[in-house]
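Novice: Numbering (the UniProt record's numbering), first residue to last: 1 to 400. Backbone N, C-alpha and C fix where the C-beta goes; we use that ideal spot for every residue, glycine too.
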Ligand SMILES: *Cc1c(COP(=O)(O)O)cnc(C)c1O
């Protein structure tokens, strides 16, 4: 019998164990299958891989380095902490990795428009960037409330030339933007493509986005071994939808001695209604075309979720994470808004690295764990993005 390997997930119908799939109307299923076929076709093409590799190198600035956070490790007095610096990518986070892949796929399929929603604007900026580069029209739907809050990202999207649609219905936030973008997509799904911003949604998106993000782990595994002659004892990343985490974890899943921790936002506390700890407190259900863990109200509606990091507040989570949780291969823990703020300031002041509030959740977990480990043990943290976007907010919150 051949050894079970994680790279073979999902199966051909898009299932990771019982999770994932395509919970969508038959017309859309056909379109998703076409996207899957096109993806499977181009991923085999050496020209496509060469184009993506070249863009990763010369445009994104890959490989992103691994940095040994010596001062932080020394101060904590336990395990050595290493950071995978996705914050140094062009546009400031890991999202550009899959946006480039999606934009190239859209072009290959002859799509006439790329559509997406954005909450805080991170996915919107990365996608608008990739579409400008590839030369394909891009339309981003964003809640009016978020547009007012997220000025720098809104300005960037405009400069990058995407069409920004302001959504005023409902609460004028992320969920309404999703509905609005999806309606636009349904007007012509044959010619349009909906570019999902994480490892969520119907098959093939959880697989495709994971594959584009797996460059993080592939690089990190090699770099870490070259630096230390070992594999890390722990690998950790924050989990919203789960794309930066799965991109990091996937290269190590068959290394039996590596432990994984996905860090969810505990917000104002797991005992309050204001958190977004889907795998910690949710249960298997369906959302946005897939089966996954979901935080639901008693009526079976997705819960309104909260995190200080807007990139993490999603009531569902990727199907592969849902499966890895049930298998026990990855532990999912959480960090509160306050722990996140503390980690944000600590990393800034002791290493001179201002992390994204999302990424600061993973740093917070590493800071909690390191003192319980010995000095020759290691924790590799995926620093998914930089904190420029959060600097004003944090300064105001802390009265700096
Ligand atoms: C969007 C975002 C996340 C959350 O998304 P995942 O799909 O869970 O990775 C994390 N970090 C940063 C910096 C982000 O912009």
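What do you get for residue 49, buried or exposed, if any count of 16 or more other CB atoms within 10 angstroms of its CB means buried?
Specialist: With fewer than 16 Cβ atoms within 10 Å of its Cβ, residue 49 is classed as exposed.
Novice: Taking any heavy atom of ligand 1 as the mark, which residues have a C-beta closer than 5 Å to it, listed down the chain?
Specialist: Every residue passing the under-5 Å Cβ criterion appears here: 93, 122, 198, 240, 241, 242, 243, 244, 311, 356, 358, 384 and 385.
Novice: Mind the definition here: the segment 103 to 114 touches the segment 143 to 153 only if three or more C-beta pairs lie below 8 Å; say whether that holds.
Specialist: Segments in contact, no.
Novice: Which residues does DSSP pair with residue 317 in a beta bridge?
Specialist: None, per the DSSP bridge assignment.
Novice: Please tell me whether residue 117 and residue 178 are closer than 8 Å, where the distance is taken between their beta carbons.
Specialist: The answer is yes: Cβ separation under 8 Å.
Novice: Can you pull the DSSP bridge partners for residue 180?
Specialist: DSSP lists no partner for residue 180.
Novice: Measure the beta-carbon distance from residue 277 to residue 264 and round it to whole angstroms, keeping in mind my assumption that it falls under 8 Å.
Specialist: So it is a contact: roughly 4 Å between Cβ atoms.
Novice: What did DSSP end up calling residue 77 once you bin it into helix, strand or coil?
Specialist: It is coil, neither helix nor strand.
Novice: For residue 267, does the three-state DSSP call read helix, strand or coil?
Specialist: In the structure shown, residue 267 sits in a strand (DSSP, three-state: E or B).
Novice: Looking only at DSSP bridge pairs, what is residue 71 linked to?
Specialist: Note: residue 71 sits in no beta bridge, so no partner.
Novice: Check whether the Cβ of residue 190 lies closer than 8 Å to any Cβ atom in chain C.
Specialist: Among the protein chains of the structure shown there is no chain C, as only one such chain exists.
Novice: Pull up the CB-CB distance for residue 220 and residue 115, whole angstroms please, since I reckon it's below 8 Å.
Specialist: So it is not a contact: roughly 32 Å between Cβ atoms.
Novice: Do residue 351 and residue 238 have their C-beta atoms within less than 8 Å of each other?
Specialist: The answer is no: Cβ separation not under 8 Å.
Novice: Around the C-beta of residue 361, are 16 or more other C-beta atoms found within 10 angstroms, so that it is buried, or is it exposed?
Specialist: Looking at its Cβ environment, which holds 16 or more other Cβ atoms inside 10 Å, residue 361 is buried.
Novice: Quick one: what does DSSP say residue 287 is sitting in, helix, strand or coil?
Specialist: Correct three-state label for residue 287: strand.
Novice: With DSSP run on the structure shown, which of helix, strand or coil describes residue 256?
Specialist: DSSP places residue 256 in coil when its eight states are reduced to three.
Novice: Since residue 122 contacts residue 241 with CB under 8 Å, what's their CB separation in whole angstroms?
Specialist: Contact doesn't hold; Cβ gap of about 12 Å is too wide.
Novice: So does residue 20 have its beta carbon nearer than 7 Å to some heavy atom of ligand 2?
Specialist: Because ligand 2 does not appear in the structure shown, any question about it cannot be addressed here, the ligands present being ligand 1.
Novice: What does the alpha-carbon distance come out to for the pair residue 133 and residue 100?
Specialist: Distance between the alpha carbons of residue 133 and residue 100: 9 Å.
Novice: Could you have a look at residue 368 and say whether DSSP puts it in helix, strand or coil?
Specialist: Of the three classes helix, strand and coil, the one that applies to residue 368 here is helix, per DSSP.
Novice: Should the segment 365 to 375 be called in touch with the segment 70 to 85, which here means at least 3 C-beta pairs below 8 Å?
Specialist: Taking 8 Å as the limit for Cβ pairs, the verdict is that the segment 70 to 85 does touch the segment 365 to 375.
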